[in-house]
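**Student:** Right, I'll just put the structure down here and ask away after.
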Ligand SMILES: [Zn+2]
């Protein structure tokens, strides 16, 4: 083959922009779809479009929600403890902690972490809406469950300084999570232990 037709190359490029997918995998996926029944590609295209148009963010915790719903199921639930908020980086972390079944409070999804190197400050993530939520005076503990990475640590420290000023207890997941690892990939028992043995930040 002298050249790859542009529509094929465009799809390879689109796949290659996804995390964890290199040029080789991008080509493999593209050529798989070329060979598969048209339905396979059309289903994928429809699922992608629906994901974009039919989802939104919870106005309270910034977790993913269905478009048109102001609050997610957890924020809307009357059985979840509103006095404890677990702060995570991404919606996937909510899923990971929910799988442990060990947490009955509510969440706050930062949608990122502080990273001075990448120019991401408190304005670029959902820090201020969190501080605003805490002003209600209802919350007695904030569990910081950012990843055990440099950025996750910096974000935890920043939040601890701001939140403890408000007279609210701030805890962080216990170590035992792999350093540099992601909470979303931690196995259930490790995450459950980290939650049970969370430590007060001072
Ligand atoms: Zn919510």
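Residue numbers (this note's numbering): 1 to 202.
We put the beta carbon where it would ideally sit given N, CA and C, even for glycine.
Can you tell me the Cα-Cα spacing of residue 168 and residue 140, whole angstroms?
**Tutor:** Locating residue 168 in the chain shown gives position 168, counting from the first residue. Locating residue 140 in the chain shown gives position 140, counting from the first residue. Distance between the alpha carbons of residue 168 and residue 140: 5 Å.
**Student:** When we look at the beta-carbon of residue 89 and count the other beta-carbons within 10 Å, is it buried (16 or more) or exposed?
**Tutor:** Working through the chain shown from its first residue, we reach residue 89 at position 89. Counting Cβ neighbours within 10 Å, residue 89 comes out buried, since at least 16 surround it.
**Student:** CB-CB under 7 Å to residue 131, same chain, minus the five flanking residues each way: which ones, in chain order?
**Tutor:** Indexing the chain shown from 1 puts residue 131 at position 131. Hits under 7 Å: 162.
**Student:** Check residue 139 in the structure and name its three-state DSSP category.
**Tutor:** Stepping through the chain shown from its first residue, residue 139 is reached at position 139. Note: residue 139 maps to coil in three-state DSSP.
**Student:** Does residue 183 pass the burial test, meaning 16 or more other C-beta atoms within 10 Å, or should it be called exposed?
**Tutor:** Within the chain shown, residue 183 is the residue found at index 183, counting from 1. When all chains shown are included, residue 183 counts as buried.
**Student:** The alpha helix (DSSP H) that contains residue 158, what's its start and end?
**Tutor:** Within the chain shown, residue 158 is the residue found at index 158, counting from 1. Taken as a continuous stretch (DSSP letters only), the alpha helix (DSSP H) holding residue 158 covers 150 to 164.
**Student:** Suppose you measure from the CA of residue 187 to the CA of residue 121; what does that come to, to the nearest Å?
**Tutor:** Residue 187 sits at position 187 when you count from the first residue of the chain shown. Residue 121 sits at position 121 when you count from the first residue of the chain shown. When rounded, the distance between both Cα atoms is 30 Å.
**Student:** Cβ-heavy atom distance between residue 86 and ligand 1 below 7 Å?
**Tutor:** Working through the chain shown from its first residue, we reach residue 86 at position 86. Incorrect: residue 86 has no Cβ contact closer than 7 Å to ligand 1.
**Student:** Ligand 1 and residue 63: does any heavy atom of the ligand fall closer than 7 Å to the residue's C-beta?
**Tutor:** Position 63 of the chain shown, counted from the start, is the residue given in the question as residue 63. Checking the Cβ of residue 63 against ligand 1 gives yes.
**Student:** Does the distance between the C-beta of residue 200 and the nearest non-hydrogen atom of ligand 1 fall short of 7 Å?
**Tutor:** Taking the chain shown and counting its residues from 1, one reaches residue 200 at position 200. No; taking the cut-off as 7 Å, the Cβ of residue 200 has no heavy atom of ligand 1 nearer than that.
**Student:** Give me the Cα-Cα distance between residue 40 and residue 114, rounded to the nearest whole angstrom.
**Tutor:** Within the chain shown, numbered from 1, the residue matching residue 40 stands at position 40. Within the chain shown, numbered from 1, the residue matching residue 114 stands at position 114. Roughly 39 Å between the two C-alpha positions.
**Student:** Give the range of the alpha helix (DSSP H) segment to which residue 24 is assigned.
**Tutor:** Taking the chain shown and counting its residues from 1, one reaches residue 24 at position 24. Residue 24 -> alpha helix (DSSP H) spans 23 to 35.
**Student:** Alpha carbon to alpha carbon, what distance is there between residue 125 and residue 43?
**Tutor:** For the purposes of this step, residue 43 is taken as residue 43 along the chain shown, with counting starting at 1. For the purposes of this step, residue 125 is taken as residue 125 along the chain shown, with counting starting at 1. Rounded to whole angstroms, residue 43 to residue 125 spans 33 Å at the Cα level.
**Student:** Taking 6 Å as the limit between beta carbons, can you name the residues of its chain near residue 165, skipping five residues before and five after?
**Tutor:** If you number the chain shown from 1, residue 165 lands on position 165. Taken in chain order, the list of residues that qualify is empty.
**Student:** So, using beta-carbon positions, are residue 201 and residue 171 closer together than 8 Å?
**Tutor:** Position 201 of the chain shown, counting from 1, holds the residue named residue 201. Position 171 of the chain shown, counting from 1, holds the residue named residue 171. Yes, these two residues count as a Cβ contact at 8 Å.
**Student:** Can you tell me whether residue 75 is helix, strand or coil according to DSSP?
**Tutor:** Sequence index remark: in the chain shown, residue 75 carries index 75 (1-based). Residue 75: helix per DSSP, three-state reduction.
**Student:** Sorted by chain position, which residues of the same chain lie with C-beta nearer than 7 Å to residue 145's C-beta, five sequence neighbours on each side aside?
**Tutor:** Position 145 of the chain shown, counted from the start, is the residue given in the question as residue 145. Around residue 145: 86, 87, 88, 93, 97, 173, 183.
**Student:** Using DSSP's beta-bridge definition, name the partner residues of residue 107.
**Tutor:** For this step, residue 107 is matched to residue 107 along the chain shown. Beta-bridge pairing links residue 107 to 86.
**Student:** Between residue 12 and residue 83, what straight-line distance do the alpha-carbon atoms span, to the nearest angstrom?
**Tutor:** For the purposes of this step, residue 12 is taken as the residue at position 12 of the chain shown. For the purposes of this step, residue 83 is taken as the residue at position 83 of the chain shown. Each residue's Cα considered, the two are about 47 Å apart.
**Student:** Using a Cβ-based criterion (distance less than 7 Å to any ligand heavy atom), does residue 163 qualify as near ligand 1?
**Tutor:** Locating residue 163 in the chain shown gives position 163, counting from the first residue. Outside the cutoff, so no.
**Student:** With hydrogens ignored, establish whether the beta-carbon of residue 71 is closer than 7 Å to any heavy atom of ligand 1.
**Tutor:** Position 71 of the chain shown, counted from the start, is the residue given in the question as residue 71. Under cutoff, so the answer is yes.
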